[in-house]
Amino acid sequence: MPELELSVVIPALDEERTIAHCVDKALKAIASLKVAGEVVVADNGSTDRTREIALSLGARVVPVEGRGYGRALRGGFSAARGRFLLMADADGSYDFEECGPYVEKLRAGCDLVVGNRFRGEIAPGAMPFLHRYLGTPVLTAVMNILFGAGLGDTNCGMRALRRDAFERLGLKADGMEFATEMLVKASLVGLKIAEVPCNLYKDLRNRPPHLRTWRDGWRHLRFMLLFSPMGTFFFPGAFFAAVGGLGLLGLTARDLAAPEAMGWLTSRHMLTALLFWLVGASVLGLGAVAQEADYQERYDARSRLIAFLHRTFSLEKGLILGSALILLGGAVLAYLPVSYYGSLLPRGSDALRLDAAVLAIASVLTGVQCVFVSFALGLFYHRVK
0 MPELELSVVI PALDEERTIA HCVDKALKAI ASLKVAGEVV VADNGSTDRT REIALSLGAR
60 VVPVEGRGYG RALRGGFSAA RGRFLLMADA DGSYDFEECG PYVEKLRAGC DLVVGNRFRG
120 EIAPGAMPFL HRYLGTPVLT AVMNILFGAG LGDTNCGMRA LRRDAFERLG LKADGMEFAT
180 EMLVKASLVG LKIAEVPCNL YKDLRNRPPH LRTWRDGWRH LRFMLLFSPM GTFFFPGAFF
240 AAVGGLGLLG LTARDLAAPE AMGWLTSRHM LTALLFWLVG ASVLGLGAVA QEADYQERYD
300 ARSRLIAFLH RTFSLEKGLI LGSALILLGG AVLAYLPVSY YGSLLPRGSD ALRLDAAVLA
360 IASVLTGVQC VFVSFALGLF YHRVK
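With numbering that gives the first Met the number 0 as the guide, the letters of the sequence shown map in order to residues 0 to 384.
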């Protein structure tokens, strides 16, 4: 069977009221573009007349087991025969006859084309207030900050992508976060993404949408955080480690320079700095493992951090560094009780001993973490080799 140029994929669940409108629009779009195409309705278990109506109008219906927006689209994309895959909802909120710019961008070499509703027209009542002024702007900003997507609307439901791009992304999400997964992974693997204006129309259904504002909003945010070790781990970890490390060194230097100024307040600050350092070191270690896990799935093959780790890291180096930190800290902790009864430290040095103890604890615990993180990274690194 010859390959088609365009497959319009419509996920549907009990959409008998609107499916005829959407299929008719999609067929008209294919005719007006004069392309070899098809309309695929990915039915997600409808119990009404959705399937019968779609079939009667000339669409190909693909049953998809298991509920979920993402699951339906994955099933529809996999069954589609077109070189280009265009998706939009079955509620009439998008006009399939406006898909021309999407196809043009794909023909020009783009891998993924996303609609921007804020650059098009939004009909009165088409987008809830929270979605328009809070949810979508916030999620779009997070996407751009964490992944450099450079988009103006990450939640638009009308998109198009090349079949080879779909196969390369390995999309897995079953729910509404499928839309975010597509953009996140496209950004990570370096696909060429374009954006076109998109109009949004009022939902033609007479029932509430499948979308749940807070639940699905959290799913989108959660997915972005899970796939951004730099944003989730490294930036917070670096902040805590920097504050803690500078605090430990700065307070120790001050105590050495002015022992008479030491007191209970200084000791409390040292313990606070220790807490910051340990939290930062722990988060950074987890971040290194998470970043390597992303690389193993080939979602972040361009990461400079991973390239640096692969050039410089080995399990043996990590074990040597961790062991050295443990031995150094352990030696200081063992020395402190002895020095208390000797004359090697100046008189009135109890606060200095506390400083030394805090630094030694930081060294031991950092060394322990270094050892175990090295084993975790070594396991991943062995797979790469």
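The beta-carbon is built from N, C-alpha and C at its ideal position, and this holds for glycine as well.
What you are looking at is a predicted structure, and each value in this text was computed from that prediction instead of being measured.
Query: Own chain partners of Val242 with C-beta closer than 7 Å, once the 5 adjacent residues on each side are dropped; Result: Phe275
Query: CB of Glu14 within 8 Å of CB of Arg82, strictly; Result: no
Query: Residues sharing a beta bridge with Met223, DSSP; Result: Paired residue(s): none; Met223 is not in a bridge.
Query: Pick from Ser6, Ala240, Arg16 that is closest to Arg206, judged by C-alpha positions; Result: Arg16
Query: Beta strand (DSSP E) segment containing Leu85, residue limits; Result: 81 to 86
Query: Bridge partner(s) assigned by DSSP for Ala41; Result: Pro10, Val61
Query: Min CB distance Leu26 to chain C below 8 Å; Result: Here there is only one protein chain, and chain C is not present.
Query: Ile178 and Gly147 closer than 8 Å at C-beta; Result: The residue you asked about is not Ile; residue 178 is Ala in the sequence shown. No, they are not a contact pair.
Query: Three-state secondary structure (DSSP) of Gly347; Result: With a pLDDT of 46 at Gly347, under the threshold of 50, the predicted position of this residue should be treated as unreliable, and no value is reported.
Query: Val188 vs Ala287 beta-carbon contact at 8 Å; Result: no
Query: C-beta atoms of Leu160 and Leu111 nearer than 8 Å; Result: yes
Query: Segments of 3+ residues assigned as beta strand (DSSP E) that fall wholly inside the region 175 to 260; Result: 192 to 196
Query: Boundaries (first-last residue) of the alpha helix (DSSP H) holding Ala148; Result: Looking at the DSSP string, Ala148 is not in any alpha helix (DSSP H), and its letter there is neither H nor E.
Query: Backbone secondary structure at Val34 - three-state DSSP; Result: coil
Query: Leu12 and Asn43 closer than 8 Å at C-beta; Result: yes
Query: Contact the region 306 to 316 vs the region 359 to 377: 3+ CB pairs below 8 Å; Result: yes
Query: Coarse secondary structure for Ala125, derived from DSSP in three states; Result: coil
Query: Nearest neighbour of Gly57, chosen from Leu32, Arg80, Gly65, Asp23 [CA to CA]; Result: Asp23
Query: Sheet register partners of Val113 (DSSP bridge); Result: Arg158, Glu194
Query: In DSSP terms, what Leu5 is bridged to; Result: Gly36, Phe83
Query: The alpha helix (DSSP H) enclosing Lys104, as first and last residue numbers; Result: 99 to 106
Query: Reference Ala30, options Ala355, Cys98, Leu327, closest by Cα; Result: Cys98
Query: Straight-line gap, Lys33 to Glu103 (C-alpha atoms, nearest Å); Result: 13 Å
Query: Cut-off 7 Å between Cβ atoms - residues of its own chain near Leu220, not counting five sequence neighbours on either side; Result: Leu138, Val141
Query: Where Asp23 sits in the DSSP three-state scheme; Result: helix
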